[in-house]
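One structure is given here, and the rest of the page talks about it.
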Amino acid sequence: MKQLFESDRIRYVEVSEELLPDYLRMVNDLEHVGRFIGRRTEPVSEEKERKWVREKLDEKAVLFSMIEKSSGSFIGNIELMDLTDSEAELGIAITAAKQDLGYGTEAIRAVTGYAFDELGLKRVFLKVYPDNGRAIRVYEKCGFREYDRTEEDVFMEILA
């Protein structure tokens with residue numbers, strides 16, 4: 482796995498088919514993770530996840546798999562999507578086993594810092610389901626502020 486950068490407890494590596502079992506375990510945990518990714522109710526097949534990995538690599542997505550430094554365990558993925566010269570949308574997914582350990586806060590701060598300092602972006606935004614209160618609290622802790630809301634989504638942003 483090719484390391485791209487690191488923060489205190491996390492190594493950020495390029496997505497890899499080597500991590501496919503970890504990705505599948507995470508996205509197919511519909512109770513803790515999958516339901517927050519497009520409100521999914523059905524598992525993702527290995528073939529579909531492998532295709533996703535290959536597409537992300539081909540498009541050179543700003544997507545990082547997170548690895549716990551102390552154990553080498555998979556934490557989750559974090560991505561800057563729909564990248565323009567000035568802004569990107571943030572997406573993050575963390576395995577159930579690594580939730581509530583501060584990794585989300587650390588990763589969001591590291592990747593927004595990367596977005597502003599390395600990529601020169603001026604704004605990072607995201608959307609989150611209104612019933613995902615835990616994620617909303619983490620985003621607010623990291624400096625994101627709500628700027629719009631619908632029944633389906635809460636829209637948040639952080640500015641450089």
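Those letters in the sequence shown? Residues 482 to 641, by the numbering used here. Don't be surprised by glycine CBs; every beta carbon is placed ideally from N, CA and C.
Could you name the residues that DSSP lists as bridge partners for residue i?
i: VAL609; result: VAL635
i: TYR493; result: PHE486, MET547
Can you tell me whether residue i is buried or exposed? The criterion is at least 16 other CB atoms within 10 Å of its CB, across all chains shown.
i: LEU500; result: buried
i: TYR595; result: buried
i: LEU582; result: exposed
i: THR576; result: buried
i: LEU602; result: buried
From the DSSP output, in three-state form, read off residue i for me.
i: MET482; result: coil
i: GLU540; result: coil
i: PHE517; result: helix
i: ASP566; result: coil
i: GLU560; result: strand
i: GLU528; result: helix
Would you report the Cα separation of residue i and residue j, rounded to the nearest angstrom?
i: ARG490; j: ILE556; result: 11 Å
i: GLU599; j: VAL592; result: 10 Å
i: ALA578; j: SER554; result: 10 Å
i: THR561; j: CYS623; result: The question names Thr, but residue 561 is Leu in the sequence shown. Roughly 16 Å between the two C-alpha positions.
Next on the checklist: Across the region 515-523 and the region 532-544, are there enough close Cβ pairs to call them in contact, namely three or more that are closer than 8 Å?
Outcome noted: No: fewer than three Cβ pairs fall under 8 Å.
Checklist entry - Are at least three pairs of beta-carbons, each pair with one atom in the region 594-612 and one in the region 562-572, less than 8 Å apart? => result Segment contact: the region 594-612 against the region 562-572, three or more CB-CB distances shorter than 8 Å; contact assigned.
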